[in-house]
Each structure stands twice: as structure tokens, then as C-alpha cells.
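Just so you know, the sequence shown maps onto residues -17 to -1, 1 to 269 in mature numbering (1 follows the signal peptide of the UniProt record, and there is no 0).
Just so you know, even glycine gets a beta-carbon here, dropped at the ideal spot from N, CA and C.
This one's a predicted model, so the numbers in the text were calculated from it and none came from an experiment.
Notes follow the structure.
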Amino acid sequence: MKSFALATLVLAAFAAAAPTKPAASAAITDTTVLNFALTLEHLENAFYAGALKKFSAKDFTDAGLPAYARGRFEEVAAAHVKFLSDALGKDATAACTYSFPYTSPASFAALSQTLEGVGVSAYTGAAQYISSKAYLTAAASVLSTEARHASWVASAVDKVAGWSGPFDVALGLDSVYSLAAQFITSCPKSNPALPVKAFPKLAFPAGAKPGATGKKAEDLYAAFYTGGGTEYAKVSSAKKVTIPKDLIGTVYAVITTNGTASADANTVAGVAVLEFEFDSAGKLIA
């Protein structure tokens, strides 16, 4: 299974991201964080509802997926929208309109693995902004469930490792929104503005592997966020960057102006999701 974000690496592939209503100067409150989470949960809800309506149980088994897969996906779909909406009340953001690129049960399952992993990284990264202990406890409960979903899809359905390293990656708000924005086509004008922006898109060649090189703009760095920390690769004078050889599992990549401490504040493109599958001996699968 390869990530849907894998396409062209060339930074000429910077593309306009989905529109948003940034409120960068606004304070990040508990309501902001919950609405950010609800934005992601609305997206996941629409993703599962659309696929389960489109594909029957027979479609799943005909695609070579386990017989139990569709039923489990139905359980995954019934998750957290109502919980967050009830908590926010009249302040709750509404669902947007979405477009997802799956064309088969297999491609749906692959994208599910990516989205569930992004959900884990989103809750992990946003926890620092929650001041209410009650909300923090609730978010932790959602996070652990998202992690179980991600691990189940990866191991039981897609037949790859259910984790990537000793820690989950904590993504910033802009990085998470950049991943979500590629599936959002429009949102209600009445939705509260979120203090987020979508970066220009970044993608790598299909089948890109650790040690491979690709063209890039000069004077920038590629930062690779992994479960074991962040690795950096300098963009060469030949406008290329080399993917570190020891990357493994799910890796989030961005282009940044800082080669030692990348964050949303110095990110100029991203986020690409790279999948470097590995076996039970910890070796990359060719």
C-alpha cells in the first residue's frame, strides 16, 4: 500500500490549496481546538459514509479484503461527531463538502489508514492548547480510539505494521489542516473561522524510497517527521533532496526554511505522507 500523497516531487508542483478562512491572530481557546477536531471528524464521517454507501460487502471481498472489513469500517464510522457537536453546542462548526479520491474498496482502505493516522497526529499535536482538564481527558480518550482505528486498518486490512516507531508524530494545526484541505471543496460561510492555513501542496514520486533524490527549490530543507524524531535533508545546489536512508513506516514530509527545528511557522510546502512499509524484522519491504 502506498500513500495517496505520492505523486510528483518537483516543487514546481506547488499548487493552490483549498480555500480557508484564516484567523491567525485569534487566540487558540478550548472551543477553537474542539472545532478544529470537529472539522476533522466531519471529514472522516463523510469519508466513511460515502464509501460504505458506494461499496457493498461483496465489493470488499471481491477486492480481496477480509470478510469482516466492511462491518468493522461501519463501526469505525460511528465515532466522534456527535460527541464534539454536543460539547460545543451552538458554537459547533458544520460539515463541509468533500471530494475523496478512492475508486475501489482497496484504495478506500489505504486512504482510511492515512486519515486515521493523521487524526492521531492531530490530537497529539493539539493537546498542548487545551486548558480544561475535562476536555483534555475527553481528547485523550478520542486520541486512543483513533490510534486503535489506525492500527486496525493498517494491520488487519492493509496487512502492514500497525505502528511506525516508539512515538506518534505530533503535527501542528497548519500541517493537519493542509492534509485535510485537499479533500475539502467548500464550507458553510457560517462556520467559525479557525486560526489555520493550508500550505502549498507537496508530493513525492510514486514509489519513492529512502535514499532516492528528487528535484527541489534551493535554500530550503526537507523535514521528515517520524515516530523517532525529525530528520532533515538539505536541498542541494542542483535543486535535489535525498530522502534519508533510515526512514521507516509512516513519515510526514514538509519543505521548510529551518534545517534544525522545523515547525508550521517556517514551513513553506507540505504535507506529503510517505509510507515505507517494513516487515516483522524491521526491514523495509521492497
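So which of 13, 11, 12 and 18 has the shortest CA-CA distance to residue 175?
18
Looking only at its chain, what residues have a beta carbon closer than 7 Å to the beta carbon of residue 110, apart from the 5 residues adjacent to it on each side?
119 and 122
Opposite residue 261 in the DSSP bridges: which residues?
267
With a threshold of 8 Å, are at least 3 pairs of Cβ atoms found where one atom belongs to the region 200 to 214 and the other to the region 230 to 240?
yes
When the Cα atoms are used, what is the spatial distance from residue 159 to residue 113?
17 Å
Is DSSP giving residue 168 helix, strand or coil here?
strand
Taking the beta carbon of residue 37 as the centre, do at least 16 other beta carbons fall within 10 Å, making it buried, or is it exposed?
exposed
Alpha carbon to alpha carbon, how far is residue 67 from residue 79?
16 Å
Nearest neighbour of residue 247, chosen from 157, 141 and 173 [CA to CA]:
157
Candidates 97, 136 and 250: which alpha carbon is nearest residue 183's?
250
Drop a sphere of 10 angstroms on the beta-carbon of residue 259, count the other beta-carbons inside from all chains shown, and report buried for 16 or more, exposed for fewer.
buried
Environment of residue 243 [buried if 16+ CB atoms lie within 10 Å]
exposed
How close, in whole Å, do the beta carbons of residue 151 and residue 130 come, if the pair is a contact with beta carbons under 8 Å?
7 Å
Reduced DSSP secondary structure (H/G/I, E/B, other) of residue 61:
coil
Note down, in chain order, each residue of its chain lying with its Cβ closer than 6 Å to the Cβ of residue 203, except the 5 sequence neighbours on either side.
The residues 218 and 238, in chain order, have a CB closer than 6 Å to that of residue 203 in the same chain once the five nearest residues on each side in sequence are set aside.
For a test of the three-state rule: what should DSSP assign to residue 242, helix, strand or coil?
coil
Using C-beta distances below 6 Å, list every residue in its chain close to residue 128, excluding the 5 sequence neighbours before and after it, in chain order.
Beyond the five residues adjoining it in sequence on each side, residue 128 comes within less than 6 Å, by CB distance, of no other residue in the same chain.
Which residues bound the beta strand (DSSP E) around residue 216?
212 to 217
Let me make sure I understand the geometry here. Which of 15, 22 and 256 has the alpha-carbon closest to that of residue 171?
22
Measuring alpha carbon to alpha carbon, tell me which residue in 262, 241 and 93 is nearest residue 252.
241
Comparing alpha-carbon positions, which option in 98, 144 and 143 lies nearest residue 85?
If we check each option's Cα against that of residue 85, 98 comes out closest.
To the nearest angstrom, how far is it from the Cα of residue 168 to the Cα of residue 82?
7 Å
Name the two residues that bound the continuous beta strand (DSSP E) containing residue 205.
Looking at the DSSP string, the run of the beta strand (DSSP E) that includes residue 205 is 204 to 209.
Within the continuous alpha helix (DSSP H) that includes residue 16, where are the two ends?
13 to 37
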